[in-house]
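Chains as they are written, first to last, in the working numbering: chain A, 34 to 169; chain B, 34 to 169.
Virtual Cβ for every residue (Gly too), placed ideally from N, Cα, C.
Number of protein chains: 2
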Amino acid sequence: MNLQKAWDILKDNGFKETSKRNQILELFVNDERYLTARDLLDVMQKDYPSMSYDTVYRNLATFVSLGILEETELSGERHFRMQCESDSHHHHFICMDCGKIKEVPLCPMDLLGAALPAYEIDNHKFEIYGRCPECK
Amino acid sequence: MNLQKAWDILKDNGFKETSKRNQILELFVNDERYLTARDLLDVMQKDYPSMSYDTVYRNLATFVSLGILEETELSGERHFRMQCESDSHHHHFICMDCGKIKEVPLCPMDLLGAALPAYEIDNHKFEIYGRCPECK
DNA sequence: TTTCTAATTAATAATGATTACGATTTACAT
DNA sequence: ATGTAAATCGTAATCATTATTAATTAGAAA
Chain A
34 MNLQKAWDIL KDNGFKETSK RNQILELFVN DERYLTARDL LDVMQKDYPS MSYDTVYRNL
94 ATFVSLGILE ETELSGERHF RMQCESDSHH HHFICMDCGK IKEVPLCPMD LLGAALPAYE
154 IDNHKFEIYG RCPECK
Chain B
34 MNLQKAWDIL KDNGFKETSK RNQILELFVN DERYLTARDL LDVMQKDYPS MSYDTVYRNL
94 ATFVSLGILE ETELSGERHF RMQCESDSHH HHFICMDCGK IKEVPLCPMD LLGAALPAYE
154 IDNHKFEIYG RCPECK
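So, in structure tokens, the structure goes:
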């Protein structure tokens, strides 16, 4: 997702345009890795020394709830990255060295069929972990 | 996994038999839900008021490393349950109300084929979340 | 059975991530 | 230009988890 699209979504939902918000978004646009709140803060405090945890976490929560960012938990910490462009449902290979992802256009739910009758299925998670060709 | 099997594994690896360890194991044998460290502590402090966090976490780590317990992260907290009896690789539906699981004898990795050439695959996670027939 | 030693535990403090709060500042509609 | 709700700052609080040190205990060896 690009910056413009993210701002369109924010504006549509009545959120104001601020420089902090913009820098957080720019950071995600320019970095395809999964980042933690601390990663963000460290980078951003170079430009905005007064950036606070509250601002970071509040905006991350906003972005996730609006579908601008996606979130996953890696080794006990919450990680965030820009929502993928591709509109078709997919899953991710995640490189545990560099944090970059590769889309996997396959969903195990398609193959589940009637394996869980009478169960209400709300959500699912499928992720593959390892090392990408560059890091191997 | 039953209590005897768990102790066999512990003894084989040189771990001593203690009442605290035994109670933690008994708790998991008698509860098929995913439990947090705090869940454990709350229950156990009724019988062993002096049970400490250290003991809980240290033993949980031991049990996981020996394959006695399995672990997953649910809504930001580590959860544990007894390792399944079934020896074949499988995944889990997890009820977000009661915490009970249902085994799903399907692995998406089987269907991945050569979708990720040149990638080193170390691990994967596939979980389905929702509500079980009893909780629905 | 007694003794010895390393493993285990208790009690508590420290850490690290995340959330909350009151005061201040800012975006933007009027 | 002004008013107001939203956003941010600075900091403190909270929550899960890990570390520390001293005391206790299991199990081996005498």
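query                                                                                                                                                           : result
Three-state secondary structure (DSSP) at Phe-126(B)?                                                                                                           : strand
Is any heavy atom in the ligand SAM found nearer than 7 Å to the beta carbon of Ile-154(A)?                                                                     : The model on display carries no ligand, and the ligand SAM is accordingly not part of it.
With three or more C-beta pairs closer than 8 Å as the rule, is the segment 53 to 72 of chain B touching the segment 101 to 117 of chain B?                     : yes
Is the CB of Gly-163(A) under 8 Å away from at least one CB in chain B?                                                                                         : yes
For Phe-159(A), would you say it is in contact with chain B, using Cβ-to-Cβ distances shorter than 8 Å as the test?                                             : yes
If I measure Cβ to Cβ from Gly-132(B) and keep anything under 7 Å in the same chain, skipping five residues before and after, which residues do I get?          : Arg-66 and Tyr-67
Would you list the residues sitting across from Arg-164(A) in a DSSP beta bridge?                                                                               : Glu-153(B)
Grab the span of the beta strand (DSSP E) containing Leu-107(B) for me, first residue to last.                                                                  : 102 to 107
If the criterion is Cβ atoms closer than 8 Å, does the pair Tyr-81(A) and Lys-49(A) meet it?                                                                    : no
Hey, quick one: how far does the alpha helix (DSSP H) through Arg-91(B) stretch, first residue to last?                                                         : 86 to 98
Taking Arg-54(A) as part of the alpha helix (DSSP H), name the residues at either end of that continuous run.                                                   : 52 to 62
Quick one: what does DSSP say Lys-133(A) is sitting in, helix, strand or coil?                                                                                  : coil
Only counting the same chain, and skipping five residues up and downstream in sequence, which positions put a Cβ closer than 8 Å to that of Leu-74(B)?          : Met-84, Tyr-86 and Val-89
Look at Ile-173(B) and Tyr-162(B) and say whether their C-beta atoms are less than 8 Å apart.                                                                   : Chain B is shown from 34 up to 169; residue 173(B) falls before or after that span and cannot be answered.
Between Glu-153(A) and chain B, is there a C-beta pair that is closer than 8 Å?                                                                                 : yes
Take the Cβ of Leu-13(A) as the centre, count every other Cβ of all protein chains shown within 10 Å, and call the residue buried at 16 or more, exposed below. : Nothing can be reported for residue 13(A): it is not among the residues displayed for chain A, which extend from 34 to 169.
Say whether chain B places a C-beta atom closer than 8 Å to the C-beta of Phe-126(A).                                                                           : yes
With DSSP as the reference, please indicate the residues paired to Arg-111(A) in a beta bridge.                                                                 : Glu-106(A)
Taking CB distances under 8 Å as the criterion, tell me whether Lys-135(B) reaches chain A.                                                                     : yes
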